[in-house]
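> Take any residue in the sequence shown, count from 1 to its spot, add 602: that is its number in my numbering. Every residue gets a Cβ at the ideal spot worked out from N, C-alpha and C, and that includes glycine. Dumping the structure here so I can ask a few things about it.
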Amino acid sequence: MPMPHRTFAQVAKRRLIGKEGRDRIREVRALLAELPDYRNGPYADLRKSLLAEIEDTRVRSSAVHRDSIAVRREGAAQIALVGPPNVGKSSLLQALSDIQIKTGDYAFTTLRPVPALTRIGGVLVQLVEIPGLVEGAADDRGGGRALLGVLRSADAIVYCGRAGADPGELGIVRAEVAAAGIDRPSVIAATRSDEAPPGAIGRLSAAIPDLDVVPVSILDEASLGAIRETIWRLTGLIRVRLRTNGVTAEEPIALPPGSTVADVANWVHHDLGGAFSGARVRGPSARFDDQRVGRDHVVADGDVVEILR
Ligand SMILES: Nc1nc2c(ncn2[C@@H]2O[C@H](COP(=O)(O)OP(=O)(O)OP(=O)(O)O)[C@@H](O)[C@H]2O)c(=O)[nH]1
Ligand SMILES: [Mg+2]
603 MPMPHRTFAQ
613 VAKRRLIGKE
623 GRDRIREVRA
633 LLAELPDYRN
643 GPYADLRKSL
653 LAEIEDTRVR
663 SSAVHRDSIA
673 VRREGAAQIA
683 LVGPPNVGKS
693 SLLQALSDIQ
703 IKTGDYAFTT
713 LRPVPALTRI
723 GGVLVQLVEI
733 PGLVEGAADD
743 RGGGRALLGV
753 LRSADAIVYC
763 GRAGADPGEL
773 GIVRAEVAAA
783 GIDRPSVIAA
793 TRSDEAPPGA
803 IGRLSAAIPD
813 LDVVPVSILD
823 EASLGAIRET
833 IWRLTGLIRV
843 RLRTNGVTAE
853 EPIALPPGST
863 VADVANWVHH
873 DLGGAFSGAR
883 VRGPSARFDD
893 QRVGRDHVVA
903 DGDVVEILR
C-alpha cells in the first residue's frame, strides 16, 4: 500500500524544509524514487510538482548573486534579530538553533542576513539575523535599504542590545527602522547579560519604557528558554493539536489567534474545509473534555481538536 498522496505531500514538504541547492535536489530525487509510478491522478501531479521543484532550485542556485540578500521564508513565523554590531546576535541565533555561523569579537562579522530555524513548543519558527543596521540605514547607508527590505517581511522584531551598553545605540537602530516605516511587535533582548554590571537591566528598561526588556546570555540556559517563550508570544500565534482515531498528534499546528474549527479543518486539507460536521474539543476553549462544537467555534492555544466528518 503506498502512502496516501496527501500524507506524501506533507512528508515531502517537511523533508525539504531548510534544504537548498544540491541538498534540496538530492532530497527531491529521493522523494521521486519513493513515489508510486502512476501516470495519472494525484501521484502524477505530485511527480510533476517535484520535477518543477528541481528546476526551480536550479534557477535559484544559479541566481544567488554576491549581492543578493533575499531570505526564503520558512516555518510558521519569521522573527528578525536586529541591533548594533557585536552585541551577540549571531551567538544568540546559534544558541537557539543548530546552525554554525561566524561570530567574532569585532564589529560586522555578519555581512548579510542569516536565517535559522528553531523549534518552539513543537512549532518551527524562522529567526533572521539582520546585520549592520547603522545610523543612516534608511537613507541606504551601509546598504541599509536592502537590509531594511528583509526586515519588512518579518512578523516581529527582537532588538538586540548589549545589556551593559548605552541604550542610545538601540535608539539609533529603532529610529532607522521607524524611518523606513516598519512597525512590528517588538521586544528588547538585553544580550551578554552575564557581563553586565549590576543594575544594567533596570537602567535599560527605564530608558526604553515602551518595550519589554528580556535579559539573555548564551551561557545561561534558563535565559535562553525565557527568550524562546518571549519570541513565541511575539508571533501572536496559537498552538492546536489534532486528534485522529483517538490519537493526539505530538506536533502542534500554528494558527493565527481567532482561528475557528473551520480554519483547523482547512489547514488539514482544503477539501475537508467544506465537508465536515464539526469537532470535538478538549483544552482551554472547551467547557469540558470532548465538547461537541460547530465549525465557527473559536479555538485557543493548547486545544486538542478532533474534526468530525
Ligand atoms: N560573555 C558573553 N559573550 C557573548 C555572548 N554572546 C555573544 N558573546 C560574544 O560577543 C562577541 C560578538 O558576538 P557575535 O554573536 O558575533 O555578535 P553579532 O551581534 O552577531 O556581531 P556582528 O555580526 O559582527 O554585528 C563574540 O566574541 C561572542 O563570543 C554572551 O551571552 N555572553
Ligand atoms: Mg553576527
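Below 8 Å, can you find three or more Cβ-Cβ pairs linking the segment 718 to 738 to the segment 854 to 864?
Contact between the segment 718 to 738 and the segment 854 to 864 is present, because at least three Cβ pairs lie under 8 Å.
> Check valine 901 in the structure and name its three-state DSSP category.
Coil at valine 901, not helix or strand.
> Can you give me the C-alpha to C-alpha distance between aspartate 892 and arginine 884, rounded to a whole angstrom?
Between aspartate 892 and arginine 884, the C-alpha separation is close to 5 Å.
> Does any heavy atom of ligand 1 sit closer than 7 Å to the C-beta of glycine 677?
No; taking the cut-off as 7 Å, the Cβ of glycine 677 has no heavy atom of ligand 1 nearer than that.
> For the alpha helix (DSSP H) that contains threonine 609, what are its first and last residues?
Note, threonine 609: alpha helix (DSSP H), 607 to 618.
> For the alpha helix (DSSP H) containing glutamine 702, list its first residue and its last residue.
Segment: none, glutamine 702 is in no alpha helix (DSSP H) and carries neither H nor E.
> So if DSSP puts proline 858 in a beta bridge, which residue, or which two residues, is it bridged to?
Beta-bridge pairing links proline 858 to no other residue.
> Can you tell me which residues form a DSSP beta bridge with valine 815?
Ile790.
> Can you check which of these residues, Ala777, Glu823, Asn642, is closest to isoleucine 810 by C-alpha distance?
Ranking the options by Cα distance to isoleucine 810, first place goes to Ala777.
> Can you tell me where the beta strand (DSSP E) holding glutamate 771 begins and where it ends?
Segment 769 to 781 is the alpha helix (DSSP H) holding glutamate 771; no beta strand (DSSP E) there.
> So the alpha helix (DSSP H) valine 630 belongs to, where does it begin and stop?
Valine 630 -> alpha helix (DSSP H) spans 623 to 636.
> Counting pairs of beta carbons, one from the segment 731 to 738 and one from the segment 647 to 658, are three or more of them closer than 8 Å?
With the cut-off at 8 Å, the segment 731 to 738 and the segment 647 to 658 do not touch.
> Pick out whichever of Arg675, Asn847, Leu648 has its Cα sitting closest to the Cα of glutamate 622.
Minimum Cα distance to glutamate 622 is reached at Arg675.
> Output the distance between the C-alpha atoms of glycine 838 and arginine 641, rounded to the nearest integer angstrom.
Straight-line Cα distance between these residues: approximately 43 Å.
> Taking C-beta to C-beta, are isoleucine 803 and alanine 791 nearer than 8 Å?
Contact: no.
> Quick check for students: name the residue ranges of the alpha helix (DSSP H) that lie wholly in the segment 683 to 770, counting only runs of 4 or more.
You should have 691 to 698, 746 to 754.
> Hey, isoleucine 840 and serine 825: beta-carbon distance below 8 Å or not?
Result no, Cβ atoms of isoleucine 840 and serine 825 do not sit closer than 8 Å.
> Under 7 Å: does the beta carbon of glycine 804 sit that close to some heavy atom of ligand 1?
No, the beta carbon of glycine 804 sits no closer than 7 Å to any heavy atom of ligand 1.
> Could you check what DSSP says for valine 906 in three-state terms: helix, strand or coil?
Here valine 906 sits in strand by DSSP.
> Please determine whether the Cβ atom of glutamate 731 lies at a distance below 7 Å from any heavy atom of ligand 2.
Correct: glutamate 731 has its Cβ closer than 7 Å to ligand 2.
> Is leucine 844 helix, strand or coil when you go by DSSP?
In this structure, leucine 844 counts as strand in the three-state DSSP scheme.
> Quick one: is isoleucine 681 buried, meaning 16 or more other Cβ sit within 10 Å of its Cβ, or exposed?
Buried, by the Cβ-count rule.
> Looking at the unbroken alpha helix (DSSP H) that takes in glycine 804, where does it start and where does it end?
Element bounds for glycine 804: 802 to 809.
> Using the Cα positions of leucine 548 and alanine 740, report the straight-line distance between them to the nearest angstrom.
No information on residue 548 is available, as it lies outside the stretch 603 to 911 that the chain covers here.
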